[in-house]
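Number of protein chains: 2
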Amino acid sequence: MVSTEGEEIIVLGSSDIDIHMISDLFHRNSKIYTAIIIGECEIHYQGRASSKAPLGTRIVIYKSDGSLLVHEGKDRDPLNWQPPGSLCISDADKGFLEIRCRSRKYGHEIVSIRFKRILTAIWCRLSTKGLEVHGTEKDLVEMIYMNPSVISPSAKVIGREVETPSGKIDLILRDDPGNIYVVEVKNEKAGISAVNQLDRYVKYLESMQSRSPDVTRRIIGVLVSNGITRRAREALIERGYIYIDSMSLKIGNTSQTLMKYVK
Amino acid sequence: MVSTEGEEIIVLGSSDIDIHMISDLFHRNSKIYTAIIIGECEIHYQGRASSKAPLGTRIVIYKSDGSLLVHEGKDRDPLNWQPPGSLCISDADKGFLEIRCRSRKYGHEIVSIRFKRILTAIWCRLSTKGLEVHGTEKDLVEMIYMNPSVISPSAKVIGREVETPSGKIDLILRDDPGNIYVVEVKNEKAGISAVNQLDRYVKYLESMQSRSPDVTRRIIGVLVSNGITRRAREALIERGYIYIDSMSLKIGNTSQTLMKYVK
DNA sequence: CGTGCCAGGTGCCCT
DNA sequence: AGGGCACTTGGCACG
Chain A
-19 MVSTEGEEII VLGSSDIDIH MISDLFHRNS KIYTAIIIGE CEIHYQGRAS
31 SKAPLGTRIV IYKSDGSLLV HEGKDRDPLN WQPPGSLCIS DADKGFLEIR
81 CRSRKYGHEI VSIRFKRILT AIWCRLSTKG LEVHGTEKDL VEMIYMNPSV
131 ISPSAKVIGR EVETPSGKID LILRDDPGNI YVVEVKNEKA GISAVNQLDR
181 YVKYLESMQS RSPDVTRRII GVLVSNGITR RAREALIERG YIYIDSMSLK
231 IGNTSQTLMK YVK
Chain B
-19 MVSTEGEEII VLGSSDIDIH MISDLFHRNS KIYTAIIIGE CEIHYQGRAS
31 SKAPLGTRIV IYKSDGSLLV HEGKDRDPLN WQPPGSLCIS DADKGFLEIR
81 CRSRKYGHEI VSIRFKRILT AIWCRLSTKG LEVHGTEKDL VEMIYMNPSV
131 ISPSAKVIGR EVETPSGKID LILRDDPGNI YVVEVKNEKA GISAVNQLDR
181 YVKYLESMQS RSPDVTRRII GVLVSNGITR RAREALIERG YIYIDSMSLK
231 IGNTSQTLMK YVK
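Protein chains in written order, with the numbering used here: chain A, -19 to 243; chain B, -19 to 243.
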């Protein structure tokens, strides 16, 4: 058994493996420590869907927040998992370590891991700091919100995160001629669904407008995204909407306007 | 240094830590072995977005398929990562281990991990078997495809995965009276977007039909899903479409029909 | 807590 | 390789 500096980390090598000890550590440490067990195991999952993984060598991680991950030697995503807040019970019966993990969020979900052989088992305290990501869609919306003239020189923001029956509209602008801009922002390459989404918003505003026909304004759909697929662009053009590549905004070209598109 | 059975696994405890050795093993083993390093590190990410993680204790996993994961003590998803096929370069300069990982898929993406302290480092061969998941949407579509009478007693399948400008229609059925059923299947709880999607398909088929007005059939939107949100249900009803809970199908109640909804 | 929706989404399958 | 889409999506923010 290899142990370091006041149980900051506990590492059990293959020569130290005792499944009763592991099972014991597993239960005792789970509130504070993250457990990492590497070994040959079979996995059964039953819940929203179901799966069965044959015997294979995998990494099992049980975090102190109650999330369970089972990783193989490929892919970013775990082979099997259980969401945060799940409860694992380990069991050393019949000479094999078995871990059963129940989800709290999805009451009926269960992952069972049966180890045929354990190569190493580790307990350690990991940080839970998280991080801030920049350059996200929210930032892009914020940028346009602070500088709506990138859409049209005289445009002012008249709405943000506006609720509709079909979803929330990122931004609504109005320029001096009275045109209304419905702006949908995607931080990624826009596909058909983005155009559909924008279309819904425009249609909704048009239907609202038709209920009070005293003021009738032109409603212009604007899609701001980091690229657009061919079919999406076709659908956008067919509906008479406008596409703006987000890169042309990000590089600070704030003088670029949409006036050339508006007759 | 703890090593077992012909390098099936290599475990370096804190007393064995030599960052030059680790850097060396990191480069030498990356094609076959998955590397797991636990220690205090700072992380910088720059790519589609950007992030910076302060000093914290984390697990770094570099899989043999070239995917990189950095996990903290919470959440199912990694704090930082790099997709499969990425290339990591480790560096032991200035007394600190630094790992830089570049994505092939997103050429400009880079994750840099700078270790202040390493608690343990492990190399092992993991399986890459994957698994088959059952109970997915595809299974549900297949089930209805094989047994369309669950939608309407006389219904026959006349289309599957039918391409439209707004996306693919899961199933199209026709019953003896000539009604057309546009079936959208969701394996999860359906929200507004699902209703919008269904609405698009129906509208599209209606527009197709209006082009050839010799045959005019009633087109009925059907949403099959595992639950539905309140607003989605309202929108569905307002448009005159039909909701079927997928559970009522899964439990084998194949005699249940929709005739009560069809006038 | 339900609902809606973005995500550095990822992974799969199709053309 | 690009596109469309499901996912045991996860995670967050808001009513």
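Ideal Cβ positions, reconstructed from N, Cα and C, are used throughout, including at glycine. Since this is a predicted model, take the numbers as computed values, not measurements.
Nonlocal neighbours in the same chain, by C-beta distance under 6 Å from residue i, ignoring five residues either side
i: T(-16)/B; result: Low confidence applies here, because T(-16)/B scores a pLDDT of 39, under 50, leaving its location unreliable and the question unanswered by this model.
i: Q26/A; result: I90
i: G46/A; result: P64, G65 and S66
i: E52/A; result: R38 and L59
i: E244/A; result: Residue 244/A lies beyond the residue range present for chain A, which begins at -19 and ends at 243; the question has no answer from this structure.
i: K166/A; result: A174 and S205
Within chain A, partners of residue i - CB distance below 8 Å
i: D45/B; result: G53, K54 and D55
i: G115/B; result: R28, A29 and S30
i: L49/B; result: H51 and R56
Alpha carbon of residue i to alpha carbon of residue j, nearest angstrom
i: D195/A; j: Q189/A; result: First, the residue type needs correcting, since residue 195/A is Val and not Asp in the sequence shown. Approximately 8 Å, taken between the alpha carbons.
i: Y42/A; j: V142/B; result: 43 Å
i: Q177/B; j: T209/B; result: 15 Å
i: I(-3)/B; j: V(-9)/B; result: 10 Å
i: I224/A; j: R219/B; result: 33 Å
i: R97/A; j: S226/A; result: 52 Å
i: D154/B; j: A212/B; result: One detail in the question is off: residue 154/B reads as Arg in this sequence, not Asp. Each residue's Cα considered, the two are about 25 Å apart.
i: E22/B; j: W103/A; result: 21 Å
i: L5/B; j: E(-13)/B; result: 12 Å
i: A15/A; j: K118/A; result: 35 Å
i: R56/B; j: G75/B; result: 32 Å
i: F95/A; j: I12/B; result: 22 Å
i: Y86/B; j: E112/A; result: 21 Å
i: K54/B; j: P133/B; result: 50 Å
i: L244/B; j: K32/A; result: Not covered by the structure: residue 244/B. The range shown for chain B is -19 to 243.
i: S107/A; j: A170/A; result: 36 Å
i: L48/A; j: V50/B; result: 15 Å
i: D156/B; j: S44/A; result: 58 Å
i: N127/A; j: E20/A; result: 57 Å
i: I199/B; j: S187/B; result: 11 Å
i: Q62/A; j: T116/A; result: 27 Å
i: I131/A; j: L185/A; result: 19 Å
Residues near residue i in its chain [Cβ-Cβ closer than 7 Å; skip 5 each side]
i: I18/A; result: I39, L99 and T100
i: R8/A; result: none
i: N233/B; result: For N233/B, the predicted structure reports a pLDDT of 46, less than 50, and the residue's modelled location is therefore unreliable. A value from the coordinates is still provided. Contacts found: none.
i: H261/A; result: The structure shown does not extend to residue 261/A, since chain A is modelled only from -19 through 243, so no value can be given for it.
i: R105/B; result: E(-12), I12 and Y13
i: V34/B; result: The question names Val, but residue 34/B in the sequence shown is Pro. The answer, listed in chain order, is E22.
i: E215/B; result: For the record, residue 215/B in the displayed sequence is Ala; it is not Glu. Closer than 7 Å at Cβ, skipping near neighbours: I172 and V175.
Proximal chain B residues relative to residue i, where beta-carbon distance stays under 9 Å
i: W61/A; result: R56
i: C81/A; result: Simply none; closest approach about 12 Å.
Cβ-Cβ separation, residue j to residue i (assumed contact under 8 Å), whole Å
i: I172/A; j: V202/A; result: About 17 Å separates the two Cβ atoms, so there is no contact after all.
i: N206/A; j: E168/A; result: 6 Å
i: I10/B; j: C68/B; result: The identity of residue 10/B in the sequence shown is Ser, whereas the question assumes Ile. With 8 Å as the limit, S10/B and C68/B qualify as a contact, their Cβ atoms being about 7 Å apart.
i: H24/A; j: S83/A; result: That belief does not hold up - the Cβ atoms of H24/A and S83/A are roughly 14 Å apart, past 8 Å.
i: K109/A; j: G36/B; result: 5 Å
i: S30/A; j: H114/B; result: 5 Å
Proximal chain A residues relative to residue i, where beta-carbon distance stays under 9 Å
i: T108/B; result: G36, E52, G53, K54 and D55
i: P64/B; result: K54, D55 and R56
i: L120/B; result: Those do not exist, as L120/B stays about 11 Å from chain A at its closest Cβ, beyond 9 Å.
i: E164/B; result: Chain A residues near E164/B: none, gap ~13 Å exceeds 9 Å.
Own chain partners of residue i with C-beta closer than 8 Å, once the 5 adjacent residues on each side are dropped
i: Y125/B; result: V137, R140 and L151
i: Y181/B; result: T144, S146, G147, I149, V162, E164 and G201
i: I2/A; result: L(-8), I17, S70, A72, L77, I98 and A101
i: I(-1)/A; result: A72, G75, F76, L77, F95 and I98
i: R197/A; result: R154, G158, N159, I160 and Q189
Local Cβ density within 10 Å of residue i, reported as buried at 16 or more and exposed below that
i: E122/A; result: exposed
i: D179/A; result: buried
i: S(-6)/A; result: buried
i: I217/B; result: exposed
Partners in chain B for residue i, counting only beta-carbon separations shorter than 7 Å
i: C68/A; result: Chain B residues near C68/A: none, gap ~14 Å exceeds 7 Å.
i: A215/A; result: P145
i: T14/A; result: G53
Chain A contact residues for residue i, given Cβ-Cβ distances below 7 Å
i: N159/B; result: Going along chain A, no residue has its Cβ under 7 Å from N159/B, so there is no contact; the nearest lies around 25 Å.
Neighbour list for residue i in chain B, Cβ cutoff strictly below 8 Å
i: L99/A; result: T(-16), E(-12), I(-11) and C104
i: R180/A; result: N176
Residue i: CB within 6 Å of a non-hydrogen atom of the ligand PLP
i: I98/B; result: Of ligands this structure carries none, so the ligand PLP is not represented either.
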